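Protein chains in written order, with the numbering used here: chain A, 352 to 671; chain B, 30 to 338; chain C, 27 to 352.
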Amino acid sequence: MNDTPTRPDAPDTAEKGESLWVGAWYRLRKNKMALAGGVFILLLAGLSFIGPFFLEGDYYTNTVLEDKLTAPDAEYTLGTDHLGRDQLGRIIKGGQISLLVGLVATFVSLTIGIGYGTISGYFGGKIDSVMMRIVDILYSLPFVIFVILLMVFAKDLGDSIDEWFRARGSEFSISGQWNMLLLFVAIGAVEWLTMARIVRGQVMSLRRQEFIEACISLGLPTHRILFRHMVPNILGPVIVYTTLTIPAVMLLEAFLSFLGLGVQPPTPSWGLLIKDGADRMREAWWMLVFPGALFAITLFSFNFVGDGLRDALDPKTSKD
Amino acid sequence: MLKFILRRVLETIPVLLCVAAMTFFMCRLAPGGPFDEDKQVTAEVRELLNKQFNLDQPLHKQFIQYITHLPTLQSFKYPNRTVGEIISQKFPVSAKLGFFAMCIALGLGILFGVIASLRPNTYIDYIPSSLAMIGICLPTFVMGPLLMLVFSLKLGWFPATGWGGFSGDQFFASDMVLPSVTLGFFYAAYISRLTRGGMLDILTQDYIRTAKAKGASGLRVIVKHSLRGGLLPVISFMGPAVAGLIAGSFVIETIFAIPGLGQDFVKSAFNRDYTLVLGVVMFYATLIILLNLIVDILQVTLNPKLKFD
Amino acid sequence: MPLLDVNDLTTYFHTRNGVVRAVDGVSFQLEKGETLGIVGESGSGKSVTCMSMLGLIPQPPGRIEKGTAHFDGTDLLHCSQKELQTIRGRRIAMIFQDPMTSLNPYLRIEDQLIEPLLIHELADKQSARQQALAMLDAVGIQDAASRIRGYPHEFSGGMRQRVMIAMALITKPDVLIADEPTTALDVTVQAQILELIKKEQQELGTAVILITHDLGVVSGFCDRINVMYGGKIVESGPTKEIFYNPQHPYNRALQNSIPALQAKGKELYTIPGMPPDMSKPSAGCSFAPRCEHATDLCTSKPPELQDIGKAHTTACLRVQGENLKP
């Protein structure tokens with residue numbers, strides 16, 4: 352008997368959901384730019400995450416000083432940098448890092464945003480107005496400044512944590528991944544605000560619909576209504592906004608790396624490569640142009656996919 | 030309206046206190062100190078320095094001293110100069126950069142957005158819209174160096190760095206062009222997209238048809254009847270835009286070697302220049318909150334359906 | 027010579043799902059000071075007819091394919107945008123169905139009221155203000171002097187429609203096109219608005235084209251009536267003829283479906299079937315699929331409007347061939 356109360360609405364939502372997703376896929380397939388963007392992202396992900404298995408372990412740190420600042424040629428397709436490292440290898444590794452930060456930090460922001468927005472929208476009233484006022488205030492703060500401060504001041508905290516563990520005889524070490532962890536948290540903590548607003552709006556309009564009221568009158572526990580019945584229904588806008596958050600996060604990561612606050616050398620990220628390129632553009636244009644172009648095309652692709660998904664999932668906008 | 034402003038200002042005080050506390054304790058609880066870099070400093074000298082800068086006092090006492098005397102506190106890195114002096118000297122440079130960038134962003138953004146909205150889904154729309162897409166996807170730190178590479182190193186049209194114009198008395202100089210364009214382009218792109226969307230929304234409204242039925246010319250329909258509603262999304266974007274311009278100025282000032290406040294802020298954080306960090310953060314936070322308040326007031330005055338409450 | 031002479035007006039919408047023949051060869055005349063009703067269900071092309079004349083059709087997707095609309099020597103369909111602008115609002119004014127969305131929410135009532143006078147340079151700002159105030163008074167807005175400084179959202183639906191009428195008539199136009207002016211309003215307000223239009227029409231001598239789907243509205247209001255179906259005029263004539271001597275089966279069906287005219291306790295009459303899909307042209311009469319008298323000929327040969335006496339024309343093959351039995 353426990354599960355029967357969920358039945359009444361199940362066929363309805365399933366049917367609606369299916370036609371929505373099928374229709375969306377049909378509309379998305381017709382959008383050439385979005386499709387091209389999606390293919391590019393898949394290729395890039397494949398190159399960055401699977402490509403390294405076919406390369407030697409030190410493909411992005413191998414330093415050949417006598418070959419430094421070689422223009423693109425047969426041996427180095429994309430040239431070498433100021434330390435004679437193969438630019439192609441560094442771009443592959445950089446892409447891996449940038450995509451990783453983009454995905455994980457987006458996931459962090461997604462989790463915070465959905466949780467916050469769902470609670471705010473579901474309970475409404477006073478709780479909602481206080482929670483949204485907080486978001487408003489946070490919106491009006493110079494958040495990038497805090498991220499910069501956090502990245503600067505917490506940079507050495509990893510070493511301190513390691514020391515703390517070593518003093519207690521533990522082998523645990525975090526300093527190697529510390530900077531990445533910090534990036535995930537710092538960026539994720541900034542980018543959740545818009546997501547929270549979107550989710551809240553969706554939940555509020557859903558709450559007024561009959562099938563949620565039916566759940567409430569059936570006496571389902573709150574957490575069950577929230578996570579079984581509401582979260583699946585706000586998926587559309589969330590997916591769209593997620594695709595648009597990933598490029599924003601990657602941009603922020605590159606921005607921090609460019610200022611020397613993100614990923615630490617010798618590990619490359621695209622932001623770092625662009626920074627190196629900008630420093631040496633007089634003698635080695637390829638160091639700036641290749642990572643810069645690739646980064647821009649990647650952001651392009653994510654934005655096109657996001658826009659395409661929005662048009663596909665919102666039939667209202669794709670009428671004419 | 031006065032009540033609204035008063036309430037918002039009062040609301041700002043605890044927010045600013047929180048910002049100050051967060052910044053201060055983040056600085057102070059992190060490992061490292063302002064004099065770590067100077068290896069030759071002996072322990073005794075360091076103690077003296079700590080005393081001079083009150084670093085030996087309990088944290089909460091320091092915090093109170095910091096927030097009550099912030100503008101007159103000395104910088105750690107530039108002795109004999111107060112936080113207030115540094116900000117009042119460096120900020121005008123950054124403000125000038127931000128001002129020109131904003132002019133470019135609003136001017137080009139609104140112009141292209143309106144043009145694109147008039148003939149949606151034709152080439153008149155596609156060309157500015159694709160340009161906008163490029164502007165949004167080409168980060169400032171890619172575009173800045175690229176523009177510099179092409180227009181100053183290859184073509185030699187503009188000076189690459191220097192920024193004599195900004196710190197000097199001249200209102201405008203050729204070395205302001207590239208940094209302002211770089212900083213403003215992203216926002217021009219974003220604003221043109223917002224304008225296009227907003228205008229498309231308005232141009233399909235019934236009251237636009239009413240205006241045409243009255244015999245209003247095309248220009249009158251746009252300027253008198255559409256722009257006001259069509260630009261509301263742009264107005265509400267102004268708050269985040271200013272915050273973004275400030276962040277962007279950190280990068281632009283680094284790329285073009287402009288002696289502005291943004292560069293100082295990043296440097297001061299690295300240097301553990303506690304007073305200057307706190308000063309700049311509080312300055313920017315106040316600025317952004319203030320500008321947001323102005324934007325909110327502007328929104329209410331432009332949209333008669335909204336009220337101050 | 028009629029004031030307005032529309033001939034073979036044809037407007038198509040070129041959408042992704044095909045060509046929608048919204049108006050398909052409509053002709054009619056309007057005399058000075060006359061009141062003409064255009065009746066039909068939603069989608070029959072009555073609004074598009076009038077908006078085509080004023081160039082208010084969104085283009086694209088809309089396109090005026092052919093036809094002429096002569097107004098006082100000017101062909102509205104083929105004159106320049108500039109010429110059209112001097113006629114719109116000054117000589118032909120229009121009020122729309124939904125007063126809630128037809129006024130600009132960002133502008134004061136006053137600014138919107140005086141705009142036609144300013145655009146057509148009929149008055150300076152000062153005297154325009156006075157005229158606006160007088161006009162607002164005339165359409166029955168109480169406390170006009172203070173309300174004129176307000177914004178549309180501070181007005182009720184009926185009040186807004188009064189403002190729309192004031193705005194349309196402020197230039198004393200020759201023609202007023204009222205596109206379902208009462209549809210979005212409460213029943214009690216509907217009569218007031220119609221009264222108001224009538225009153226102003228008599229004072230100014232304006233010709234009125236009243237577009238509506240409500241036969242009850244036109245019966246006491248109009249001199250002549252055009253009944254539209256599927257983008258065509260199917261019956262046209264003096265109001266009396268249309269009501270007491272209906273010929274076209276669609277017109278008959280329409281009148282049969284007025285609830286007030288039916289015996290109490292009888293089941294309400296409805297026209298069977300759905301309005302035609304205007305993107306699929308029919309070879310014959312577009313009403314044939316829903317017509318109880320339809321013959322094979324009706325589905326293959328398109329009917330033409332033909333005079334059947336007393337200025338009464340109808341487009342039904344059966345009526346034209348052998349008189350329709352009641």
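Virtual Cβ for every residue (Gly too), placed ideally from N, Cα, C.
Because the structure is a prediction, the values reported are computed rather than measured.
Burial state of residue i (16 or more Cβ within 10 Å)
{"i": "Glu-514 (chain A)", "result": "exposed"}
{"i": "Pro-108 (chain B)", "result": "exposed"}
{"i": "Glu-206 (chain C)", "result": "buried"}
{"i": "Asp-204 (chain B)", "result": "buried"}
{"i": "Asn-150 (chain B)", "result": "exposed"}
{"i": "His-179 (chain C)", "result": "exposed"}
{"i": "Asn-43 (chain C)", "result": "exposed"}
{"i": "Gly-476 (chain A)", "result": "exposed"}
{"i": "Gln-111 (chain C)", "result": "buried"}
{"i": "Lys-151 (chain C)", "result": "exposed"}
{"i": "Cys-248 (chain C)", "result": "buried"}
{"i": "Pro-302 (chain C)", "result": "buried"}
{"i": "Thr-23 (chain C)", "result": "The first residue shown for chain C is 27 and the last is 352, placing residue 23 (chain C) beyond what the model contains."}
{"i": "Leu-294 (chain C)", "result": "exposed"}
{"i": "Gly-246 (chain C)", "result": "exposed"}
Secondary structure of residue i, DSSP reduced to three states
{"i": "Ser-53 (chain C)", "result": "strand"}
{"i": "Gly-659 (chain A)", "result": "helix"}
{"i": "Val-32 (chain C)", "result": "strand"}
{"i": "Ala-95 (chain C)", "result": "strand"}
{"i": "Arg-386 (chain C)", "result": "Past the boundaries of the shown model lies residue 386 (chain C); chain C is included only from 27 to 352, so the question cannot be answered."}
{"i": "Met-27 (chain C)", "result": "coil"}
{"i": "Val-234 (chain C)", "result": "strand"}
{"i": "Met-120 (chain C)", "result": "strand"}
{"i": "Arg-57 (chain B)", "result": "helix"}
{"i": "Arg-47 (chain C)", "result": "strand"}
{"i": "Thr-437 (chain A)", "result": "Note on identity: in this sequence residue 437 (chain A) is Asp, with Thr being the wrong assignment. Three-state result, Asp-437 (chain A): strand."}
{"i": "Thr-431 (chain A)", "result": "strand"}
{"i": "Asp-487 (chain A)", "result": "helix"}
{"i": "Ile-83 (chain C)", "result": "coil"}
{"i": "Ala-217 (chain C)", "result": "helix"}
{"i": "His-274 (chain C)", "result": "coil"}
{"i": "Glu-604 (chain A)", "result": "helix"}
{"i": "Gly-611 (chain A)", "result": "coil"}
Per DSSP, the bridge partner or partners of residue i
{"i": "Arg-89 (chain C)", "result": "C:Tyr-38"}
{"i": "Lys-106 (chain B)", "result": "Per DSSP, none; premise fails for Lys-106 (chain B)."}
{"i": "Val-252 (chain C)", "result": "Correcting the residue identity first, residue 252 (chain C) is Asn in this sequence and not Val. DSSP, once it has assigned bridges, lists C:Ile-64, C:Ser-262 as partnering Asn-252 (chain C)."}
{"i": "Gln-332 (chain C)", "result": "C:Thr-340"}
{"i": "Arg-114 (chain C)", "result": "C:Ile-118"}
{"i": "Thr-100 (chain C)", "result": "C:Phe-97"}
Own chain, CB closer than 7 Å to residue i, minus 5 neighbours either side, in chain order
{"i": "Pro-315 (chain C)", "result": "Gly-299"}
{"i": "Ser-652 (chain A)", "result": "Gly-388, Phe-391, Ile-392"}
{"i": "Tyr-255 (chain C)", "result": "Gly-66, Ser-70, Tyr-276, Ser-312, Phe-313"}
{"i": "Arg-114 (chain C)", "result": "Leu-80"}
Own chain partners of residue i with C-beta closer than 8 Å, once the 5 adjacent residues on each side are dropped
{"i": "Cys-47 (chain B)", "result": "none"}
Same chain, Cβ closer than 6 Å to residue i, five either side skipped, listed in chain order
{"i": "Glu-226 (chain C)", "result": "Leu-195"}
{"i": "Gln-553 (chain A)", "result": "Ile-585, Pro-588"}
{"i": "His-274 (chain C)", "result": "Val-260, Glu-261, Thr-340, Cys-342"}
{"i": "Thr-355 (chain A)", "result": "Residue placement at Thr-355 (chain A) is flagged as unreliable, the pLDDT there being 38, under the threshold of 50; a coordinate-derived value is accordingly withheld."}
{"i": "Leu-331 (chain C)", "result": "Thr-339, Ala-341"}
{"i": "Ala-270 (chain B)", "result": "Tyr-216"}
{"i": "Ile-549 (chain A)", "result": "Pro-588, Tyr-592"}
{"i": "Gly-63 (chain C)", "result": "Leu-236, Val-244, Cys-248, Ile-251"}
{"i": "Gln-55 (chain C)", "result": "Pro-28, Asp-31"}
Secondary structure, alpha helix (DSSP H): runs of 4+ residues fully inside the stretch 137-212 of chain C: 151-164, 170-173, 183-195
Ranges of the alpha helix (DSSP H) found wholly within the stretch 199-281 of chain B, counting only runs of at least 4: 206-232, 235-242, 256-259
4 or more residues per run - each alpha helix (DSSP H) lying fully within the stretch 106-192 of chain B: 112-147, 152-166, 169-176
Runs of alpha helix (DSSP H) wholly within the stretch 512-565 of chain A (minimum 4 residues, chain order): 526-558
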